[in-house]
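What follows is a short report on a single structure.
Residue numbers (the working numbering): 26 to 247.
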């Protein structure tokens, strides 16, 4: 075995080659490293186990998508909706290039296991949504309690977009249309609907109701 350090990308490449050939993970880290001329300690520098390694692919494709978007000189000037659409199209193009691997990772019978593999991606996605400033509905904040309501509103909007992403991911995994053209349509319509929801009456009324409840049931009792 070579005595040189191994980078994360090499480990990811070797692992993906194995699971795509065998449709199951290696028996253990030791055998995986031995069969691929890797140093076991190098594996543990990056990953605690194969489950943590599998989370990294979806993050890696997301990072690659952000790099591609950053190369677009016009990206910073785009509207929030156009930025999110661009991210969706770029990311799902990355996933399509690696569809067999992504389906292997996420096609777990246990839905909770699939969601666990999305945990790191979720953090990155929500951080991206925060940069879009989509939680733009205004409410009058006249005390600390209502400031908390604003915080919850922002978190609720972020979760709305994350749930929309999960629906899109599921649609893409089930899509059998040519070149996954139906996924492109789904992306356009779902992102449009999400922005319409956060910028129109339904959410505004919900927040107004929350403000009323806070004042009547919480503030008056203190």
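We put the beta carbon where it would ideally sit given N, CA and C, even for glycine.
All values derive from a computational prediction rather than experimental measurement.
- Taking 4 residues as the shortest admissible run, the region 86-129 contains the following complete alpha helix (DSSP H) segments, listed from N- to C-terminal end: 105-122.
- For residue 159, the secondary structure class from DSSP, reduced to helix, strand or coil, is coil.
- Here residue 156 is exposed, its C-beta having fewer than 16 other C-beta atoms within 10 Å.
- Judged by pairs of C-beta atoms under 8 angstroms, the region 55-62 does not touch the region 104-114, as fewer than three such pairs exist.
- Contact between residue 75 and residue 50 holds: their C-beta atoms lie close to 5 angstroms from each other, under 8 angstroms.
- About 6 angstroms separates the Cβ atoms of residue 89 and residue 119, confirming a contact at the 8 angstroms cut-off.
- Exposed is the label assigned to residue 148, since fewer than 16 other Cβ atoms lie within 10 Å of its Cβ.
- In the three-state scheme derived from DSSP, where H, G and I count as helix and E and B as strand, residue 34 is classed as helix.
- Separation of residue 70 and residue 218 (C-alpha to C-alpha, rounded to the nearest whole angstrom) is 43 angstroms.
- Annotation for residue 215: the continuous alpha helix (DSSP H) segment containing it runs 206-223.
- In terms of Cα proximity to residue 121, the closest of 223, 38, 199 is 199.
- Non-local C-beta neighbours of residue 193 in its own chain, meaning closer than 8 angstroms and more than five positions away in sequence, comprise 113, 117, 208, 211, 212, 215, ordered along the chain.
- Assignment of residue 152 by DSSP, reduced to helix, strand and coil, places it in the helix class.
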